[in-house]
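What the sequence shown shows, in numbering that gives the first Met the number 0, is residues 0 to 331, in sequence order. Cβ atoms here follow ideal geometry from the backbone N, Cα and C, with glycine treated the same way. Computed from a predicted model, the values in this text were never measured in an experiment. I have placed the structure first, in the form of structure tokens, so that the comments after it can refer back to it.
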Amino acid sequence: MARLGSWIESHPEGIYVRPADAWIDPTQPKAKALVTHGHSDHARGGHSAVLATPETLAIMECRYGPQHGQPIAYGDSIRVGEVDVSFVPAGHVLGSAQIVLEHKGEKVVVSGDYKRRPDPTCACFVPVPCDIFITEATFGLPVFRHPETGSEIDRLLHRLHSDPSRCVLVGAYALGKAQRIITELRERGHHDPIYFHGAIERLNQLYESFGVELGELRHTASATKQEMAGHVVICPPGALNDRWSRRLPDPVTAMASGWMRIRQRARQRNVELPLVISDHADWDELTMTIRELEPTEVWITHGREEALKHWCMTHQIKACELNLVGYEDEDD
Ligand SMILES: [Zn+2]
Ligand SMILES: [Zn+2]
């Protein structure tokens with residue numbers, strides 16, 4: 000009998016699904032790409048054909064211009080070569096999907112990046128029992144346990160209200176994290192205008208065009224220092240320490256990322272208020288998901304594979320590492 004999943008090949012530039020003649024999240028231009036979500040390490044430009052959710056295609060067009068895209072809505076199933084393919088919510092960012100592949104009675108789920116906690120900007124992760132679960136492991140160490148999102152947002156608001164002469168400047172990845180911070184603030188009852196750096200304007204508009212309500216937003220370029228005092232300002236992480244921030248009223252520098260769990264990372268960026276808010280599964284979410292799906296095999300990609308592999312083995316699940324390169328996970 001052939002090895003389980005022998006029709007799926009792992010290459011440095013991505014996962015190749017042989018009977019579909021298609022690549023998943025390839026890091027090099029390919030004839031046919033199945034793309035899990037819009038972060039630039041997963042969604043590159045230059046493919047001849049792209050199959051992705053309508054939201055992901057819109058994000059790719061926003062970044063790379065027109066795509067030869069085929070939109071596949073959540074839950075729709077299509078035949079690609081000899082493989083049945085469907086896209087299922089991954090709960091990571093707007094439009095993010097797990098890719099479900101079925102071929103000759105075997106079911107393989109490629110998680111892409113995912114998380115299990117609720118996120119007001121995107122559909123919740125849907126568990127799909129399978130034979131092989133190909134999982135990310137960005138935070139695949141027991142030390143990574145993300146706190147409740149609400150308590151991190153409350154810390155932000157507490158800091159904001161403690162000194163109305165200052166603003167709180169939050170560094171957040173432009174796709175996904177920035178919009179999530181805004182909506183989480185709204186859910187915690189913060190309805191004041193939120194100021195944003197120009198680099199996230201188009202993605203804010205794209206989220207709104209898909210029905211995500213962000214409330215009143217204002218561009219920092221059209222505001223005075225005084226107007227921004229006592230307000231939240233959102234910028235991409237790269238702008239936290241650059242000249243641009245000098246125009247802000249004595250900013251408290253914050254950053255929203257799963258990596259803020261590591262003090263040294265916060266110090267490197269001169270972050271005064273580290274917020275541990277992640278769009279990736281933490282250790283408990285990774286192991287809970289594997290328990291729930293009960294796969295025969297787990298294949299582990301970009302991240303700290305070793306600890307999760309060991310966990311699988313102690314739970315009688317066959318596991319291996321895939322050596323893919325080029326997935327940075329700057330997105331968190
Ligand atoms: Zn991502
Ligand atoms: Zn990733």
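In whole angstroms, what separates the C-alpha of residue i from that of residue j?
i    : j    : result
E207 : L213 : 7 Å
D40  : Q27  : 11 Å
D24  : I7   : 14 Å
V108 : T52  : 16 Å
S9   : G44  : 21 Å
R158 : A1   : 59 Å
V297 : V142 : 21 Å
L3   : I131 : 8 Å
S244 : G302 : 32 Å
R33  : N322 : As written in the sequence, residue 33 is Leu, which differs from the Arg given in the question. Between L33 and N322, the C-alpha separation is close to 19 Å.
V64  : G210 : The amino acid at residue 64 is misidentified as Val; the sequence shows Gly. Rounded to whole angstroms, G64 to G210 spans 22 Å at the Cα level.
D112 : C129 : 17 Å
T219 : H190 : 17 Å
T286 : L216 : 38 Å
R116 : T300 : 21 Å
G74  : A228 : 45 Å
N203 : S221 : 17 Å
If I measure Cβ to Cβ from residue i and keep anything under 6 Å in the same chain, skipping five residues before and after, which residues do I get?
i    : result
I181 : I193 and L213
Any heavy atom of ligand 1 within a distance shorter than 7 Å of the CB on residue i?
i    : result
H309 : no
H38  : yes
M162 : Before going on, a small fix: residue 162 reads as Asp here, not Met. Outside the cutoff, so no.
D112 : yes
H91  : yes
H67  : no
H230 : no
H157 : no
H41  : yes
Ligand 2 and residue i: does the residue's C-beta get closer than 7 Å to at least one heavy atom of that ligand?
i    : result
H301 : yes
E320 : no
E135 : yes
Residues in the same chain with beta-carbon distance under 8 Å from residue i, minus the five sequence neighbours each way, listed in chain order, please.
i    : result
K224 : R246, L247 and P248
Note down, in chain order, each residue of its chain lying with its Cβ closer than 7 Å to the Cβ of residue i, except the 5 sequence neighbours on either side.
i    : result
E186 : P119
H67  : S47, A48 and V49
E320 : I299, E304 and K308
If we count Cβ pairs, one from each stretch, closer than 8 Å, do we get three or more for the stretch 306–314 versus the stretch 164–182? no
Check whether the stretch 134–143 touches the stretch 32–51, counting contact only when three or more Cβ pairs, one atom from each stretch, lie closer than 8 Å. no
The stretch 254–262 in contact with the stretch 272–290 per 3-pair CB rule at 8 Å: yes
Okay, do the stretch 96–108 and the stretch 142–152 touch, 3+ Cβ pairs below 8 Å being the bar? no
Is the stretch 117–125 close to the stretch 86–100, with three or more CB pairs under 8 Å? yes
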